[in-house]
Amino acid sequence: MIEKFQMAYQTELGTVFLVLMFFLVVLSGLYLYLKMRQKEQDNLRYQFNSYYDSAERIAKDFQFSEKHLVEFFGRETIVQVKYKQKPAVCVIPPPNLATEEIRSRFQAFQRAFDNDDFHVFAPCEWSNTNYSFIVIQGNLLHDDGRKLLSINKYLRDGKITDADKEKVLLELARALARLHERTTENGVKLYHGFLTSRSVLVDIDASHQLKRIVVANLGLSFAFGPNVMQERLKGIKSGKIKIDKWMTQELVDQMTMLAPEQLDPERTSEVGTPCDFFAFAALAVSVFTEQKFKGRDQVDWDSISEKWAPFLQNCLHNKPSDRPRDFNELEEWLSDPELGLTHHGSEVVHHDWEKADLTGNSEYSEGQDGFDVEAIQQLSSNAADDEDIDDQDPFNQNFIAGNKALKMGKWKVAVDHFQKAVKIDESNNEAKINLAICCYELGEMNDAESYYRSVKSEDPEAAKVFRKHIAFRV
6 MIEKFQMAYQ TELGTVFLVL MFFLVVLSGL YLYLKMRQKE QDNLRYQFNS
56 YYDSAERIAK DFQFSEKHLV EFFGRETIVQ VKYKQKPAVC VIPPPNLATE
106 EIRSRFQAFQ RAFDNDDFHV FAPCEWSNTN YSFIVIQGNL LHDDGRKLLS
156 INKYLRDGKI TDADKEKVLL ELARALARLH ERTTENGVKL YHGFLTSRSV
206 LVDIDASHQL KRIVVANLGL SFAFGPNVMQ ERLKGIKSGK IKIDKWMTQE
256 LVDQMTMLAP EQLDPERTSE VGTPCDFFAF AALAVSVFTE QKFKGRDQVD
306 WDSISEKWAP FLQNCLHNKP SDRPRDFNEL EEWLSDPELG LTHHGSEVVH
356 HDWEKADLTG NSEYSEGQDG FDVEAIQQLS SNAADDEDID DQDPFNQNFI
406 AGNKALKMGK WKVAVDHFQK AVKIDESNNE AKINLAICCY ELGEMNDAES
456 YYRSVKSEDP EAAKVFRKHI AFRV
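Residue numbers (the working numbering): 6 to 479.
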């Protein structure tokens, strides 16, 4: 029998058969390799096939692409609304991360968030938390479906300017300030909870101009809760939880950017809004130094602007109670590089001042020296623009002359006139707040604070002009 097979293989037909068998083995091996690779990229699909089939049926108005990634929060897929051109990103956590408690926390977050546009956060275009846990986020992709790149990519390539670095961070601070104002029905403050470099995406055009900044996965860390987040981080670091291998290494490298209480199983009860301050500062240090953040004590603080360093150092305290209480405090630090109004020696003095409008629009008309011409003009328009003012009135003479000098940036001249006006009428808050602005510009911080406090105690609305003037002068 064996001899007959040997004779058959020596014929031309036997040679063809052997060649076919060889190709069959090669194709089988290639098939197995591709299947294993596909399983590695979308192992959640293999583990929970019926669950994801059901989720896709629930999201029937969206067309799912065939390529999936296993990300930190679950399976990530690019989807497209049927009959529309703009794609979006769909995140579907696995069933063990779609418990009733987690879905309930996400619902509470969404109700408190109330679909407000916080500008930098990727909007939730559609979600389902009744039978599954599906979140579809917009603004994370180019029109052709390519995902925006993380800020780290542009930092490595040197394609982001120093001015854009500050712009990104300031926009993020404003958004976080607004986010932290919101609470759930149970009084729990909202927080992002996962501000790593991977979460911060930017869009920069061919001329290196910053077009937009987008922060992904809003509400997911809050929904998972600190214990689940800590366990998942630990599992990914140890290799027990499998996600995309390229993302694994990047995520492990960036875990140092998360607050200490998020990584310590004994401290998860401390997790809340303060963790966003730590992560924000770690991100800012990474952006400014263009190096991996390894810890507060390993930062070259001399390489970071003195306008930013004190606030960032404060954010990186180990204890949440030692960190700033509000992102509005960033305005105080940035507006005064010498920290004369809020900082004495190494001790931070938190004044109970009227906070500037960090959470709203910061656009305002500026003069050559950067001060708020529009607000000052509105405050003093009744006096300065009235052509029928009695020129013989000493107060009006000095008030008008002081405003003209202020608008031209002649601070010393303006101070002289406003001081004379205040001596004549000590109750005039318009003159005193303009005097506070001029003293501030001359570096006379004690006098500026004194005039500001005097006005604030009598007329908080008038006092806001001073805060708006110095807000975010970087």
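All C-beta atoms in this analysis are idealised placements derived from N, C-alpha and C, irrespective of residue type, glycine included. Predicted model, so just to flag it, every value in this text is computed and none were measured.
Rounded to a whole number of angstroms, what is the C-alpha to C-alpha distance between residue 105 and residue 273?
Cα to Cα, residue 105 sits roughly 20 Å from residue 273.
Residues of its chain near residue 332, where Cβ-Cβ distance is below 6 Å and the 5 sequence neighbours each way are ignored:
Correct list, in chain order: 178, 181, 182.
For residue 267, count neighbouring C-beta atoms within 10 Å of its own C-beta (all shown protein chains included) and say buried if the count is 16 or more, exposed if not.
A buried status is given to residue 267, since no fewer than 16 other beta-carbon atoms sit within 10 Å of its beta-carbon.
Going by other Cβ atoms of all chains shown within 10 Å of its Cβ, with 16 needed for buried, is residue 371 buried or exposed?
Only weak support exists for where residue 371 lies, its pLDDT of 37 falling under 50; the coordinates are left without a value.
Got a sec, what are the start and stop residues for the beta strand (DSSP E) residue 141 sits in?
Residues 139-142.
Would you check if the distance between the CB atom of residue 439 and the CB atom of residue 414 is smaller than 9 Å?
Not in contact: residue 439 and residue 414 (Cβ atoms no closer than 9 Å).
Measuring straight from C-alpha to C-alpha, what distance separates residue 249 and residue 411?
Roughly 59 Å separates the two Cα atoms.
Sheet register partners of residue 507 (DSSP bridge):
Residue 507 lies beyond the residue range present for the chain, which begins at 6 and ends at 479; the question has no answer from this structure.
Assign residue 105 to one of three DSSP states: helix, strand, or coil.
Residue state, collapsed to three classes: helix.
Under 9 Å between the Cβ atoms of residue 52 and residue 128?
In terms of Cβ geometry, residue 52 and residue 128 do not form a close pair [threshold 9 Å].
Are the region 142-160 and the region 211-229 in contact at 8 Å, needing three or more beta carbon pairs?
Using a C-beta cut-off of 8 Å, the region 142-160 makes contact with the region 211-229, since at least three inter-stretch Cβ pairs fall below that distance.
C-beta contact flag for residue 295 and residue 160 at 9 Å:
Note that the C-beta distance between residue 295 and residue 160 is below 9 Å.
Quick check on this structure: which residue in 68, 448, 398, 187 has the alpha carbon closest to the alpha carbon of residue 86?
Checking every option, the nearest Cα to that of residue 86 belongs to 68.
Are there 16 or more other CB atoms within 10 angstroms of the CB of residue 474, so buried, or fewer, so exposed?
Residue 474 comes out buried.
Going by the beta-carbon positions, is the gap between residue 404 and residue 442 smaller than 9 Å?
Not closer than 9 Å, so no.
Report all residues from its chain with a CB closer than 6 Å to the CB of residue 225; omit the five preceding and five following residues, and keep chain order.
Here the set comprises 78.
What is the DSSP secondary structure of residue 296, reduced to helix, strand or coil?
Residue 296 falls in the coil class under three-state DSSP.
Under 9 Å between C-beta atoms of residue 96 and residue 83
Contact annotation: residue 96 and residue 83 have beta-carbon atoms that are not nearer than 9 Å.
Look up residue 25 in the DSSP assignment and say whether it is helix, strand or coil.
Residue 25 falls in the helix class under three-state DSSP.
What three-state label does DSSP hand residue 153 in the structure shown?
In the three-state scheme derived from DSSP, where H, G and I count as helix and E and B as strand, residue 153 is classed as coil.
Cβ pair residue 149, residue 215 closer than 9 Å
For the pair residue 149 and residue 215, the CB atoms are not nearer than the 9 Å cut-off.
Just to confirm, are residue 260 and residue 166 a CB contact at a threshold of 9 Å?
It is not a contact, given that the beta carbons lie outside the stated cut-off.
What three-state label does DSSP hand residue 244 in the structure shown?
Residue state, collapsed to three classes: coil.
For residue 228 and residue 293, what's the separation of their Cα atoms in angstroms?
A direct Cα-Cα distance of roughly 31 Å separates residue 228 from residue 293.
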